[in-house]
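In full-length UniProt numbering, the protein residues as written are 1 to 208. Backbone N, C-alpha and C fix where the C-beta goes; we use that ideal spot for every residue, glycine too. Computed from a prediction, not measured in an experiment: that's the story for all the values here. First comes the structure, then the notes that go with it.
Now the structure itself:
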């Protein structure tokens, strides 16, 4: 009987060790129009491009696009419980704040909302990465500096990686932008996918 229990313990222990390696991973992108695919089908967005790419390349990763065009940090915070309940994410990439900045919201409020989002996700044992976000200089250098710096401050406070803003490599080429000068077009989506792929794979600890 003792030998049987000893063998059973070893089997259970091995299962506990091996299971996280072989289990599927749920990765959620929680963003706004830049990730939702504004002006196109969501399947054409950069997240959709990665979903199609990873279906064969990394079938153990379930990539979910929970981005909504026009969303603010407060809006995402309001719907976060539903996102967590529905998708049970192991990892989340947070790309939010652009709409807050374009509306001139208080940077302290934006930072507080982002901190609450990250805290709730961390309480669910989800790994989180935060995107740096930048906005046009409409509100002057003081506001822009306060806005831009809040992301690094939040990332440092919550101890999460800060991912460079993918639009910085896109917006410099007008051929990759829609007519509004804010949103990337269809041609830009595979390029953004290329930019973001190594960051997201690192987040789920997948070798790139």
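Beta-ladder partner(s) of residue 64, from DSSP: 28
Helix, strand or coil at residue 45 according to DSSP, with G and I counted as helix: coil
Beta-carbon separation (whole angstroms), residue 154 vs residue 111, contact threshold 8 Å: 5 Å
Secondary structure, beta strand (DSSP E): runs of 3+ residues fully inside the UniProt domain "SGNH hydrolase-type esterase" (29-187): 61-65, 91-95 and 127-131
Touch test, the region 39-53 against the region 79-92, Cβ-Cβ under 8 Å, three pairs minimum: Judged by pairs of C-beta atoms under 8 Å, the region 39-53 does not touch the region 79-92, as fewer than three such pairs exist.
Beta-carbon contacts of residue 157 that lie in its chain and below 8 Å, excluding the five residues immediately before and after: The answer, listed in chain order, is 115.
Status (buried if at least 16 other CB within 10 Å, exposed otherwise) for residue 21: In this predicted model, residue 21 has a pLDDT of only 38, less than 50, meaning its place in the structure is not dependable enough to derive any value.
Cβ contact (3+ pairs, closer than 8 Å) linking the region 24-38 and the region 67-74: yes
Nearest-angstrom Cα separation, counted from residue 139 out to residue 58: 43 Å
Residue 119 vs residue 97 beta-carbon contact at 7 Å: No. Outside cutoff.
Option nearest residue 101 by Cα separation, candidates 141, 65, 117 and 91: Nearest Cα to residue 101 within the set 141, 65, 117 and 91: 141.
Residue 202: first and last residue of the uninterrupted alpha helix (DSSP H) it sits in: 189-203
For residue 206, the three-state DSSP class (helix, strand or coil): coil
Beta carbon of residue 182 nearer than 7 Å to that of residue 166: With contacts defined by Cβ atoms closer than 7 Å, residue 182 and residue 166 do not form a contacting pair.
Candidates 25, 178, 205 and 160, of which the one nearest residue 94 by Cα: 160
Residue 12 versus residue 61 - alpha carbon distance: Its pLDDT being 43, under 50, residue 12 is placed unreliably in this model, and the coordinates cannot settle the point.
Proximal residues to residue 27 (C-beta, below 8 Å), its chain only, five neighbours per side dropped: 61, 62, 63, 64, 89, 90, 91, 92, 93, 200, 203 and 204
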